[in-house]
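Input: a single structure, listed below in structure tokens.
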Amino acid sequence: MQKLTTLTSTVVLLPIDNIDTDQVIPARFLKTTEKTGLGEHLFEDWRYDADGSPKPDFVLNRPESKRSAVLLAGANFGIGSSREHAPWALMDYGFRAVIAPSFADILRSNSLKNGLLPLILEPAVHLRLLEQIEEIPAAQVSIDLASQELTLPSGEKVGFPIDPFSKTCLLNGTDELGYLLGFEPQIIAYEQRLGEK
Amino acid sequence: MTGPRTLFDKIWEGHVVAQEPGSPAVLYIDLHLVHEVTSPQAFEGLRQQGLKVRRPDKTAATMDHGVPTRTADGTSLGRMAFADELSRRQIAALEANCREFDIPYYGLESPNQGIVHVIGPELGLTQPGMTLVCGDSHTSTHGAFGALAFGIGTSEVEHVLATQALLQYRPKTCLVQIDGRIPAGITGKDIILALIAKIGTGGGAGYVLEYGGSAIRALSMEQRMTVCNMSIEAGARAGMIAPDDTTFAYVAGRRFAPQGTAWDQAVAAWRKLPSDEGAQYDKTVDLDAAALEPMITFGTNPGMARPVSGRVPDPAAFSDPHERAALEKALAYMGLTPGQPLIGHPVDVVFIGSCTNGRLEDLRLAASVLSGRKVAAGVRALVVPGSQQVKKQAEAEGLDQVFLAAGAEWREPGCSMCIAMNGDQLSPGQVAVSTSNRNFEGRQGKGGRTMLASPLTAAATAVAGRVADARKLKT
Ligand code: SF4
């Protein structure tokens, strides 16, 4: 997993509530047996016309978006399917953090396992950030994961929540599987307690 | 030491292998179901790290999302070509992975192939008190048996394959109390659509929902599965229903169910699972079953649902600019006008199937409406059984003949138009009434417009050619 410590970036705005994973990456792109290459299909049906040409007014088609590592979305981001292709596509495009007032459970969990930070902001702060970026689109935010702090373009610093375990994994780039494999003796003991051979 | 506990508490506490302070619990997994779409990268991860599948005996695989549902010559032998090479490769990859890692799988030629959430219960793999996961959000379906069942991502699929355990934070619990006599013509689908309309697509986020009350107790297992299936559409981690005699009667005698004295012991243990008197939930929601009507969605998420007798809401009536904008966007996508009655809206396609409503009872309900009637001219109606077993039973009852006589298509089992990965899909702009679970933009094909409803409403709509109320259908 790619580690994440600090990040300074412009912000791509997609302030729509309840964005579902069928929009993030439509099902027809789930036929891959790889994790890479999905970025070009991120938000495919919002991004391209019927003939496949990019819609100029869709935010991801602006050249500057490609250089951004932070996406700002609306509440309840990532509802729907458990497809991990959603965080893979977001990261393949270049995002390392998504800022939203709330996230769907599975998407949040899948993101954390891939080095993508789901950053939860209170609705009022989320709105302030949105307004600041709308005013100055080239403005940047800074994320410091160790101190769990986001610096808005205005200079205001706000905290954000993350569970300590996921935070450590992200900071060090450690994969959870290694940690879990360390519990082999306890897993064996559990199975024996249940009277299994 | 412990006070009264909920069904969830009992299963959770019985499966915690270890828990370090500040870290998620290591939760033991009793059953891991696998399908072709969310597993290839997990198997590849095992290979790269030189790991084995720890408990192939607690794992089972099938192919459902991308399988073709047509046969070459109208017989059940030999499916038609795959929609594309990628789908074929993905299914071949699952077969190869199952052989390499020694996992039992129900492939295209198996009499038990079907949608993963249909075959688990059908085979008796799904049992009360279990922890059960699958790389698929509708794993919540299996909670209908009093199991803790939830969807996971591909990284977690790899974790469970390698360790038979998963890292999980304990979710909160919510009791959904549904009392009252369910009116005639109301199904599990209407109950769950009404609940999601009430609490919203994020209403269950962070919670496991336990459905209780007299209306739930009165439901058959298949209807309970429909309710639990869509828990995820309310954002819930899982949905569950305490096991009772209805549950035990369903499980008894199935292929992987305990037999003989083991069965008696299992039932005795399962009887201890229901929540204790006075057990505390973090939150409670009520729903009055007696007041329910057939429900249908009008928008682009499952929370945008109304009674079928209602009208399309008017964005102007919403004061919150966010909600107003979302509704305007949804109605524009759906091609619906504010204030228009839902009944009578013309449709192009009716889809009856999926892990929500592709079981035998669902097909019986649809057939009860279609029997002696015809699908309206210009409407394409697809009936896709959830599994080979469902298909076989339906054919034994003659349901296939009812569908064919009505002018509907009778297909091979799979996810089909629920997710539109196998070539069964809507064309841009087409309107479908579907018994599946998601009406997201493009879910059933790019540009397609989906309205979710029960098998009764879907079948009535097929006959009328327009959204219809099955209770009011003229002969
Ligand atoms: S039927 Fe639809 S919701 Fe169910 S598993 Fe298949 S694709 Fe997913």
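Those protein sequence lines, which keep their order, are chains A and B.
Residues in the first sequence are numbered from 1 upward in steps of one, following my numbering.
Residues in the second sequence are numbered from 1001 upward in steps of one, following my numbering.
The beta-carbon is built from N, C-alpha and C at its ideal position, and this holds for glycine as well.
query, result
"Please list, in chain order, all residues of the same chain as G1124 (chain B) whose beta carbon is under 7 Å from its beta carbon, the five residues on each side excluded.", "V1251, R1254, R1255, F1256, A1257"
"Would you mind sorting S1076 (chain B) into buried or exposed? The rule is 16 or more other CB atoms within 10 Å of its CB.", "A caution first: S1076 (chain B) carries a pLDDT of 48, below 50, which makes its placement in the model unreliable, though a value can still be read off. The residue in question, S1076 (chain B), is exposed, as its Cβ has fewer than 16 Cβ neighbours within 10 Å."
"Would you say the beta carbon of S1087 (chain B) is closer than 7 Å to some non-hydrogen atom of the ligand SF4?", "no"
"Taking the alpha helix (DSSP H) that H1322 (chain B) belongs to, which residues open and close that run?", "1321 to 1334"
"Please state whether the Cβ-Cβ distance between G1235 (chain B) and N76 (chain A) is less than 8 Å.", "yes"
"If you reduce the DSSP assignment to three classes, tell me which class H85 (chain A) lands in.", "helix"
"Please say whether L1452 (chain B) and P1302 (chain B) have beta carbons closer to each other than 8 Å?", "yes"
"Under 7 Å Cβ-Cβ, which residues of chain A neighbour Q1090 (chain B)?", "K31, T33"
"For W1410 (chain B), which residues does DSSP report across the bridge?", "B:V1383"
"Less than 8 Å between the CB atoms is what I'm expecting for P87 (chain A) and N61 (chain A), so what's the real figure, rounded?", "Not a contact, Cβ separation roughly 21 Å."
"Give me the chain B residues within the contact set of G94 (chain A), using Cβ-Cβ distance strictly less than 7 Å, ordered along the chain.", "Within 7 Å Cβ-Cβ: nothing; G94 (chain A) doesn't reach chain B, min ~20 Å."
"Say whether chain B places a C-beta atom closer than 8 Å to the C-beta of A50 (chain A).", "yes"
"Which first and last residues belong to the alpha helix (DSSP H) in which T168 (chain A) is found?", "164 to 172"
"If you measure from the CB of H1032 (chain B), is any heavy atom of the ligand SF4 nearer than 7 Å?", "no"
"Taking the continuous beta strand (DSSP E) assigned at I25 (chain A), which residues delimit it?", "Careful: I25 (chain A) lies outside any beta strand (DSSP E) and carries neither H nor E."
"Alpha carbon to alpha carbon, how far is F58 (chain A) from I16 (chain A)? Give it in angstroms, no decimals.", "13 Å"
"Please report the Cβ distance between G1239 (chain B) and S1140 (chain B), rounded to the nearest whole angstrom; I am assuming they are in contact, meaning their Cβ atoms lie under 8 Å.", "5 Å"
"Mind checking the stretch 5 to 22 of chain A against chain B and listing, in chain order, the residues whose C-beta falls within less than 8 Å of any C-beta there?", "I16, D17, N18, D20, D22"
"Taking 7 Å as the line, does the beta carbon of S82 (chain A) fall inside it for any heavy atom of the ligand SF4?", "no"
"For A73 (chain A), report the span of its beta strand (DSSP E) as first-last.", "70 to 73"
"Which same chain residues, not among the five before or five after V1208 (chain B), have their C-beta less than 6 Å away from its C-beta?", "F1008, P1171, T1173, R1237, A1238"
"Are any of the Cβ atoms in chain D nearer than 8 Å to that of S1087 (chain B)?", "Structure shown: chain D not included; protein chains present are A and B."
"Give me the Cα-Cα distance between L1331 (chain B) and G1299 (chain B), rounded to the nearest whole angstrom.", "6 Å"
"In three-state terms, what does DSSP make of K66 (chain A)?", "helix"
"Check whether the Cβ of K1446 (chain B) lies closer than 8 Å to any Cβ atom in chain A.", "yes"
"Reducing DSSP to helix, strand and coil, say where S1087 (chain B) ends up.", "helix"
"At 3 residues or longer, and completely inside the stretch 1091 to 1140 of chain B: list those beta strand (DSSP E) runs for me, N to C.", "1131 to 1134"
"If the criterion is Cβ atoms closer than 8 Å, does the pair L1108 (chain B) and V1067 (chain B) meet it?", "yes"
"Helix, strand or coil: how does DSSP classify G1260 (chain B) here?", "helix"
"So, do the stretch 149 to 156 of chain A and the stretch 1139 to 1153 of chain B have three or more beta carbon pairs nearer to each other than 8 Å?", "no"
"Do I1241 (chain B) and G1358 (chain B) have their beta-carbon atoms positioned less than 8 Å apart in this structure?", "no"
"Using three-state DSSP, classify E1397 (chain B) as helix, strand or coil.", "coil"
"Measuring straight from C-alpha to C-alpha, what distance separates F1403 (chain B) and F1440 (chain B)?", "28 Å"
"Which of the residues in the stretch 1117 to 1138 of chain B, read from start to end, lie with their CB under 7 Å from any CB of chain A?", "G1135, D1136, S1137"
"Would you tell me roughly how many angstroms separate the C-alpha atoms of G130 (chain A) and L72 (chain A), rounded to the nearest one?", "This sequence places Leu at residue 130 (chain A); Gly is not what is there. Each residue's Cα considered, the two are about 8 Å apart."
"Mind checking if F1318 (chain B) is an interface residue toward chain A, Cβ cutoff 8 Å exclusive?", "no"
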